[in-house]
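Accompanying notes for the structure given below.
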Amino acid sequence: MTGPPPMAADLVDGIYRNAASLQQQGRYAEAEAQYSRLLDYFPGSAALHYNIGLLLYAQEKFEASLEHYLRAMDDAGDDPDLLYNLGLCLQKCGRTGNAALVYEELTRLVPDDVDGLYSLAGCHRELHEYDRAAEVLGRLLVLEPDHQAATGSLAYLLHLQGKLDEACACYLRLLELHPGHQTARHMVAALRGERLGTAADEYVRTVFNGYADGFDDSLVQGLGYRVPEGLRRGVGLLAGADRTFAHLLDLGCGTGLVGAAFADICRCLTGVDLAEAMIIRTRSKQLYQHLLVDGIIPFLGATDGRYDLVTLADVLIYLGDPEPMLAAVHRKTTDDALLCFSIETAETPTYRLQSTGRFAHCPDFIGRLAAGTGWTVRHREVVQLRREGDDWIGGMLFFLDKDSGGH
Ligand SMILES: C[S@@+](CC[C@H](N)C(=O)[O-])C[C@H]1O[C@@H](n2cnc3c(N)ncnc32)[C@H](O)[C@@H]1O
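Start counting the sequence shown at 1028; every next residue gets the next number (our numbering).
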């Protein structure tokens, strides 16, 4: 067998420099082609495999990238940059357990590698190894006490583990580091049982923009969420099997689960949500004619639409005080409109922010507000909203139509 003809050292150098320059300019495919030319001559070069791995990763070709990183590991298994990038790539390939092992090795070699520790904690968190994740974040925060993301992640983990006082202290620390941090502000209010009218828009956006990708799987498959189907069933029973609706307005539409449940009885669907990532997922399902990234109250103030069916599935838990919504929906709906929504129920005279960060409502309070804003509660139904740990969250579905007297 004969290999490729020898290449002059200055030509090798030229190709390498050209590849590096293309890489810097973000011309990833071209840079990859140049490095690959050299690979024919130096098949075992860790530097070439590493760079090609980086370029494939930048092009989101994660499995191919992984192959090259693994080849680079043959020769440079103790290179911290290689280990870090290998870990990232393994995560992208869904091999979180392997990624954790790689970050373990990285942080064994370089115990003060803050990025490595943060990624290691992220893997443990994803693997539901919360104690280990918290322990790694603790190590990180000794090295870098002002690390905001690590502080936020630790607060979240402590909250998840039911260590509410420690979680609150951690969110307070996050507020010290970043006074405008809306999630920290919201969670401190929730954990201290403070009275809040609604969740801040920024908090809702942060939660749901980060949740959009796994939302359908985790909520429907994982947690048994069936509120959209429950609302659809109730509307069918109340309105009769033959009634169709001209225009459904789905407030807090999320990933469009309500649209999927109601598409058969609605000629036009409009969805509104604060979280753009949720709207992007909904758009891909092609169920709604109109989708808007907006808050519920601002949207209702501005819309010229007249809707005959309005839904809020699992949204009042973030809305808090329902009165502004009830009044605004009343103004933007036809006389024969139906409004339906779910609440999480709680023993409280009105509504309250719970330590989970979600609002819960008293059913009778909803009834009183409905009457005060021109609505009649036609039907209400006790339901299990979704699983939380070993328990089900108790809730209620409400179905309202307009008082004949109007408002
Ligand atoms: C738990 S999800 C429910 C999504 C969807 N309705 C469903 O049943 O799958 C709550 C949604 O309400 C949205 N949301 C919460 N408060 C909002 C507000 N004030 N304005 C617009 N959207 C809001 C969130 O962004 C999120 O997508």
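For each residue, glycine too, the CB sits at the ideal point set by N, CA and C.
Since the model is a prediction, treat every value here as computed from it, not as a measurement.
Sort out for me which residues DSSP pairs Tyr1440 with in a bridge.
Because residue 1440 is not part of the residues shown, which for the chain are 1028 to 1434, the question remains open.
Who are Leu1318's beta bridge partners in DSSP?
Gly1298, per the DSSP bridge assignment.
Smallest Cα separation from Gly1401: which of Gly1416, Leu1365, Trp1419?
Leu1365
At a cut of 8 Å, does the stretch 1356 to 1376 reach the stretch 1389 to 1400 through at least three beta carbon pairs?
With three or more CB-CB distances shorter than 8 Å, the stretch 1356 to 1376 counts as touching the stretch 1389 to 1400.
One question on the structure: do Leu1147 and Glu1131 come within less than 8 Å of each other, judged by their Cβ atoms?
Going by C-beta atoms, Leu1147 is nearer than 8 Å to Glu1131.
Just the Cα atoms here: how many angstroms apart are Glu1153 and Glu1162?
15 Å
Using only CA atoms, which one of Gly1332, Gly1241, Cys1293, Leu1218 lies nearest to Arg1379?
Leu1218
According to DSSP, is Phe1289 part of a helix, a strand, or is it coil?
helix
Use the C-beta contact count for His1434: other C-beta atoms within 10 angstroms, 16 or more gives buried, fewer gives exposed.
Low per-residue confidence applies at His1434: pLDDT is 46, beneath 50, and the placement is therefore not dependable, though the value from the model is reported in the following sentence. Under this definition His1434 is an exposed residue.
May I have a chain-ordered list of the alpha helix (DSSP H) segments no shorter than 4 residues that lie completely inside the stretch 1126 to 1168?
1141 to 1153
Tell me whether the stretch 1324 to 1335 and the stretch 1242 to 1260 touch, counting them as touching only if at least three CB pairs, one residue from each stretch, are closer than 8 Å.
no
Using the C-alpha atoms, what's the distance from Asp1228 back to Tyr1238?
One C-alpha to the other measures close to 15 Å.
Within its chain, find whatever has a CB closer than 6 Å to the CB of Gln1086; leave out the 5 residues flanking it on each side and keep chain order.
Tyr1055
Please tell me whether, using a cut-off of 7 Å, the distance from the CB of Cys1367 to the nearest non-hydrogen atom of ligand 1 is below it.
no
Kindly examine ligand 1 and report whether one of its heavy atoms sits closer than 7 Å to the Cβ of Gln1289.
Here the sequence assigns Phe to residue 1289, which means Gln is not the residue at that position. For ligand 1, not one heavy atom lies less than 7 Å from the Cβ of Phe1289.
Is the CB-CB distance between Ala1046 and Tyr1068 below 8 Å?
Taking 8 Å as the Cβ cut-off, Ala1046 and Tyr1068 do not qualify as a contacting pair.
Spatial neighbours of Gly1347 within its chain, please: CB distance less than 8 Å, with the 5 preceding and 5 following residues excluded, ordered by chain position.
Leu1223, Gly1224, Thr1225, Ala1226, Tyr1378, Leu1380, Phe1386
Return the chain-ordered list of same chain residues with a C-beta closer than 7 Å to the C-beta of His1151, the five sequence neighbours on each side being excluded.
By the criterion of a C-beta distance shorter than 7 Å, His1151 is surrounded in its chain by Ala1127, Arg1159, Ala1160, Val1163, once the five residues flanking it on both sides are discounted.
With distances taken from CA atoms, which of Gly1279, Gly1124, Ala1288, Ala1290 is nearest Glu1303?
The shortest CA-to-CA distance from Glu1303 to any of Gly1279, Gly1124, Ala1288, Ala1290 is the one to Gly1279.
Would you report the Cα separation of Glu1350 and Ala1398, rounded to the nearest angstrom?
11 Å
Using DSSP with H/G/I as helix, E/B as strand and the rest coil, what is Val1409?
strand
Determine the closest residue to Leu1081 out of Gly1257, Glu1203, Gln1051, with distance taken between C-alpha atoms.
Gln1051
Are Ala1103 and Ala1073 close, meaning C-beta to C-beta below 8 Å?
yes
Roughly how far, in whole angstroms, is the beta-carbon of Pro1255 from the beta-carbon of Val1234, given that I think they are within contact range, below 8 Å?
About 19 Å separates the Cβ atoms of Pro1255 and Val1234, ruling out a contact at the 8 Å cut-off.
Using CA coordinates, which residue listed in Gly1416, Phe1326, Phe1368 is at the minimum distance from Gly1394?
When each option's Cα is compared against that of Gly1394, the closest is Phe1368.
Can you give the Cα-Cα distance for Gly1143 and Leu1136, rounded to whole angstroms?
Going from the Cα of Gly1143 to the Cα of Leu1136 covers about 11 Å.
Buried or exposed, going by whether 16 or more other CB atoms sit within 10 Å of the CB of Arg1212?
buried
When the Cα of Asp1321 is compared with those of Leu1115, Gly1298, Thr1383, Thr1338, which residue comes out closest?
Gly1298
Kindly indicate which residue of Leu1276, Tyr1077, Thr1134 has the alpha-carbon position closest to the one of Arg1109.
Just to set this straight, residue 1109 is Leu in the shown sequence, not Arg. That would be Tyr1077, whose Cα lies nearest to the Cα of Leu1109.
Drop a sphere of 10 angstroms on the beta-carbon of Glu1203, count the other beta-carbons inside from all chains shown, and report buried for 16 or more, exposed for fewer.
exposed
Please report how far the alpha carbon of Tyr1345 lies from the alpha carbon of Gly1267, in whole angstroms.
Annotation: Tyr1345 to Gly1267 spans about 31 Å, alpha carbon to alpha carbon.
Considering only residues of the same chain and omitting the five flanking positions on each side of Met1028, which have a CB-CB separation below 8 Å?
Caution is warranted here: a pLDDT of 48 is assigned to Met1028, below 50, making its placement in the model unreliable, and the coordinate value is therefore given only provisionally. Answer for Met1028: no residue qualifies.
Going residue by residue through the stretch 1224 to 1291, where are the continuous alpha helix (DSSP H) segments of at least 4 residues, counting only ones entirely within it?
Listed in chain order, they are 1228 to 1236, 1254 to 1266, 1284 to 1289.
Which of the three DSSP states is assigned to Leu1363 in this structure?
According to the sequence as given, residue 1363 is Asp; it is not Leu. Residue state, collapsed to three classes: strand.
Does the beta-carbon of Cys1280, which I'm using as the reference point, lie nearer than 7 Å to any heavy atom of ligand 1?
Yes - ligand 1 has a heavy atom lying nearer than 7 Å to the Cβ of Cys1280.
Nearest to Arg1358 by alpha carbon, out of Arg1407, Asp1428, Leu1097, Gln1188?
Among Arg1407, Asp1428, Leu1097, Gln1188, the Cα nearest to that of Arg1358 is on Asp1428.
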